[in-house]
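Presented below is the structure to which this report refers.
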Amino acid sequence: DAKTTQPPSMDCAEGRAANLPCNHSTISGNEYVYWYRQIHSQGPQYIIHGLKNNETNEMASLIITEDRKSSTLILPHATLRDTAVYYCIVRTNQAGTALIFGKGTTLSVSS
Amino acid sequence: GAVVSQHPSRVICKSGTSVKIECRSLDFQATTMFWYRQFPKQSLMLMATSNEGSKATYEQGVEKDKFLINHASLTLSTLTVTSAHPEDSSFYICSALPGNSTNYGYTFGSGTRLTVV
Chain E
1 DAKTTQPPSM DCAEGRAANL PCNHSTISGN EYVYWYRQIH SQGPQYIIHG LKNNETNEMA
61 SLIITEDRKS STLILPHATL RDTAVYYCIV RTNQAGTALI FGKGTTLSVS S
Chain B
112 GAVVSQHPSR VICKSGTSVK IECRSLDFQA TTMFWYRQFP KQSLMLMATS NEGSKATYEQ
172 GVEKDKFLIN HASLTLSTLT VTSAHPEDSS FYICSALPGN STNYGYTFGS GTRLTVV
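In the order they appear, the protein sequences are chains E and B. Heads up: the first sequence begins at 1 in the numbering used here, then just goes up one per residue. Heads up: the second sequence begins at 112 in the numbering used here, then just goes up one per residue.
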């Protein structure tokens, strides 16, 4: 069963912010929200993760709603290199738990 | 940061032969590694969980005798596709979890493109 729901595709103009939504209405209290991306023919790349507070790093910001049922990944200034499939994944922090990938969102950044 | 090296990046083999794919954690010890398969325009599918020093745990529908996994050390896991057939052609990706962390961004290898002819 899919734990997350994401739009299949989104477009963004270069230099603008890309806001990628994710629904995880059945998330448990001990589950984190992880975001990964996969550029064509490469392995997935870790972006960011969070539990309930908003998080920011050099790549992106993660906004998690207060009820934790949805989140948004924000790429503040999208570039052509950000074109990729973005995966939102929920998982516990239990050691040895694999990441289970859904279908993700294909983000296309154009000039 | 944590780096996972996967080799080879591409391999072409004949039907009926076996192919070995290596996954190495370069700067950390990985007690657990994961193997995924990805068909064109599809998402990653978890094949198995590899634990150092013990047998791998395979996902439902994955043939353990066809996809042999060995995790003999804390830095190396191998996936051997035995008696490969054209339908085994796919993109195989490994992922590793540092041994001292339960809450971490998993690191992925760059993937192996297997083509069986």
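C-beta: ideal position from N, C-alpha, C; glycine also. If you're wondering where the values come from, they're calculated on a predicted model, not measured in any experiment.
Would you say residue i faces chain A, with C-beta separation under 7 Å as the test?
{"i": "F219(B)", "result": "This model lacks chain A altogether; the protein chains it does include are E and B."}
Can you tell me whether residue i is buried or exposed, with buried defined as 16 or more other CB within 10 angstroms of its CB?
{"i": "Q94(E)", "result": "exposed"}
{"i": "V114(B)", "result": "exposed"}
{"i": "E31(E)", "result": "buried"}
{"i": "A13(E)", "result": "exposed"}
{"i": "D1(E)", "result": "Low confidence applies here, because D1(E) scores a pLDDT of 48, under 50, leaving its location unreliable; read the following figure in that light. So D1(E) ends up on the exposed side."}
{"i": "G164(B)", "result": "exposed"}
Considering only the alpha carbon of each residue, which of the options lies closest to residue i?
{"i": "T119(B)", "options": "T128(B), E133(B) and S129(B)", "result": "Residue identity differs from the one stated: residue 119(B) is Pro in this sequence, not Thr. Among T128(B), E133(B) and S129(B), the Cα nearest to that of P119(B) is on E133(B)."}
{"i": "G96(E)", "options": "H196(B), S154(B) and S161(B)", "result": "S161(B)"}
{"i": "W35(E)", "options": "R81(E), I89(E), A98(E) and T106(E)", "result": "I89(E)"}
{"i": "A183(B)", "options": "A167(B), S194(B) and E174(B)", "result": "A167(B)"}
{"i": "R16(E)", "options": "G29(E), N57(E) and L75(E)", "result": "L75(E)"}
{"i": "F72(E)", "options": "D11(E), N19(E), K3(E) and T5(E)", "result": "Before going further, note that residue 72(E) is Thr rather than Phe in the sequence given. Taking only the C-alpha atoms, the option nearest T72(E) is N19(E)."}
{"i": "T142(B)", "options": "S221(B), Y217(B) and V228(B)", "result": "Y217(B)"}
{"i": "S221(B)", "options": "W146(B), I123(B) and G127(B)", "result": "W146(B)"}
{"i": "G172(B)", "options": "V122(B), L157(B) and G164(B)", "result": "L157(B)"}
Would you say residue i and residue j are within 7 Å of each other, going by their C-beta atoms?
{"i": "Q117(B)", "j": "T223(B)", "result": "yes"}
{"i": "N181(B)", "j": "T189(B)", "result": "yes"}
{"i": "I48(E)", "j": "R37(E)", "result": "no"}
{"i": "Q140(B)", "j": "L185(B)", "result": "yes"}
{"i": "S25(E)", "j": "K69(E)", "result": "yes"}
What residues of chain B sit near residue i, judged by a beta carbon separation below 8 Å?
{"i": "K3(E)", "result": "The premise fails here: K3(E) is roughly 13 Å from chain B at the closest Cβ pair, so nothing lies under 8 Å."}
{"i": "I100(E)", "result": "L157"}
Below 8 Å on C-beta distance, what does residue i contact in chain E?
{"i": "T160(B)", "result": "G96 and A98"}
Identify the contact partners of residue i in chain B, using a Cβ-Cβ distance below 7 Å as the criterion.
{"i": "H49(E)", "result": "G216"}
Please list the partners that residue i has in chain E, where partner means a Cβ-to-Cβ separation under 7 Å.
{"i": "I204(B)", "result": "G43"}
Cβ-based contacts, 7 Å cut-off: residues of the segment 141-157 of chain B near chain E: The segment 141-157 of chain B vs chain E, Cβ under 7 Å: T143, F145, S154, L155 and L157.
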